[in-house]
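Asks: Before we start, here is the structure in question, set down as structure tokens.
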Amino acid sequence: MRTFPKIEKLCGQLRIKALYQEGRKLTVWPFRIHCRFPEKGTPPSETKVLIWAPKSLFKHAVDRNRMRRLMREAYRLNKDEVEQRGWEVSFNYMDKEQQSFQQLEKAMKRALKRLVEEEEKQWEK
RNA sequence: GCAGCGGAUCGGCUUAUCGCUUUGAUUCUCAAGUAAGUCUGUUUACAGAUACUGUUUGAGCGAAGAGGAAAGUCCGGGCAACACAGAGCACUAUACCGGUUAACGGCCGGCAGGCAGUGAUGUUUGGUCCCUGGAACAGCGACGAUGGCAUCUCUAUUAGAGAUGAUGAAACGGCUACACUAUAGGUUGCAAUUCCGCGUAAACCGACGUUUGAGGGCUGCUCGUCCAAGUCGGAGGGUAGGAAGCGAGAGAAUGGCACAGUAAUGUGUCCAUCGAGACUAAUGAUAAGCGUUGUGCCCAUGCGGCAUGAUACAGAACCCGGCUUACAGACCCACUGCGUGC
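Under this note's numbering, the residue at position 23 of the first sequence is numbered 40, and the numbers go up by one with no gaps.
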């Protein structure tokens, strides 16, 4: 089932701080992505995700909520492959315009593909 | 009928598929765990048994799940902490008369004056002194004032100053000044506050001080009062998790009706309604259709058919009463002017 319970959300001030300081930085328009992958060989666990839209782009809380919800749905419906990889990922919306759900879903598919590639690269090192 | 004026109410709906948060309250079911209760034994604390009660986790099923402004944070309260909170000064706010309220700078009624309008009505002024006159002159302001908010820098005492950014007129004449009088205001705010957990220190270094009393007790200053043998600073260490506060104990609650009052409002214990509670922050996503409505065309007056647009402002964060600002559209009531008919 494509559920999205709380255990798959990234919580806690310390973990979020750590992610932004130590994590890799990618850009897959319209997302800015911070991510951390576990060491090779660690047992599978839930991938934790943080999704947000900045106040500087959308000044009304209604608009920020809407973008967050759309991104959340796009992730929820396409996460099957990455669900148990134990990542910590943050998606930050960057476009000034509000994109439609279809656009966001395409972008999310591209972003997840890119993340899988990045993880393989890290393992090779 | 057209135009206007004042006030009240509402502000989308349905289905399908997938998902989120809370919850089991007259009211669940299943699975897994746990040995507190319970039972047995010895013995006075252990051992064993048990899933009936309790409790934890998960699944199923059921129930509930943003607003009229949830917004701005501009007033007034509840609530909490600080010493149950004292006196004086300073500071801030208010200012015709009366009423209303838990309270208010709100609301209701009235008086006198100015301005706008044919009018319904709107708007504005109103203590004393001074004075021709009260924001009169002068200055700042949608090229963003004043205020608060966020970030950064500097000085430094918990404070102050400056810069940048967003906000957008904020109690009323947008803001800024001044003497007196009266009245009101203790300060800080849910990041309050309490408990659990983690950690632990009556430790180390420096300074000051022990009754002629250092220092402190969250208020701008002084006094008073209370605590007091320790106090302050440095260095270093830890935490930044969970629960309560927090809403089914919701209440100065909302509506109807009756009574009192011109009204705001009050009384009733008459009838009904209201049940969100997140915490990097739920209340949603997709698709189809309906409703409402603007415009154009068609048939010929049905409130039909077709095409094409519009469907706003906006998201709870401790809770109430107001105010202010934003807002597609719908609808009701009272009143005014003009026109027409009886």
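Glycine included, each C-beta is placed from N, C-alpha and C at the ideal position. The structure displayed is predicted, hence computed values, not measured ones.
1. Can you give me the start and stop residues for the beta strand (DSSP E) that Asn109 sits inside?
2. Could you give the distance in angstroms between the alpha-carbon of Lys42 and the alpha-carbon of Leu74?
3. Can you look up Lys96 in the DSSP assignment and give me helix, strand or coil?
4. With DSSP as the reference, label Leu4 as helix, strand or coil.
5. Here's a check: name, in chain order, each residue in its chain whose Cβ is nearer than 6 Å to the Cβ of Met18, leaving out the five neighbours to either side.
6. For Arg85, tell me which candidate among Glu134, Asn109, Gln101, Lys65 has the shortest Cα-Cα distance.
7. Please list, in chain order, all residues of the same chain as Trp46 whose beta carbon is under 8 Å from its beta carbon, the five residues on each side excluded.
8. What residue range is occupied by the uninterrupted beta strand (DSSP E) comprising Lys42?
9. If we ignore side chains and look at the alpha-carbon of each, how far apart do Val106 and Val79 end up?
10. I need the DSSP call for Arg49, collapsed to helix, strand or coil.
Replies: So, from the data block:
1. On the first sequence, residue 109 is found 92 positions in, with the first residue counted as 1. 105-110 is the span of the beta strand (DSSP E), which, as asked, contains Asn109.
2. By one-based count along the first sequence, residue 42 stands at place 25. By one-based count along the first sequence, residue 74 stands at place 57. Going by the C-alpha atoms only, they are around 20 Å apart.
3. If you number the first sequence from 1, residue 96 lands on position 79. Reduced to three states, the DSSP call for Lys96 is coil.
4. An answer regarding residue 4 cannot be provided, because it is not within the stretch 18 to 142 covered by the chain.
5. Residue mapping note: residue 18 aligns to position 1 of the first sequence, counting from 1. With a pLDDT of only 45 at Met18, under the threshold of 50, the placement of this residue in the model should not be trusted; the figure read from the coordinates follows. Nothing meets the Cβ criterion.
6. Along the first sequence, read from residue 1 onward, the residue named residue 85 stands at position 68. It is Asn109 whose Cα lies nearest to the Cα of Arg85.
7. Counting from 1 along the first sequence, the entry for residue 46 is found at position 29. Cβ within range, chain order: Met111, Asp112, Ala124.
8. By 1-based counting over the first sequence, the position of residue 42 is 25. Lys42 -> beta strand (DSSP E) spans 41-45.
9. Taking the first sequence and counting its residues from 1, the one referred to as residue 106 is at position 89. Taking the first sequence and counting its residues from 1, the one referred to as residue 79 is at position 62. Rounded to the nearest angstrom, the two C-alpha atoms are 24 Å apart.
10. Counted from its first residue, the first sequence places residue 49 at position 32. Three-state DSSP puts Arg49 in a strand.
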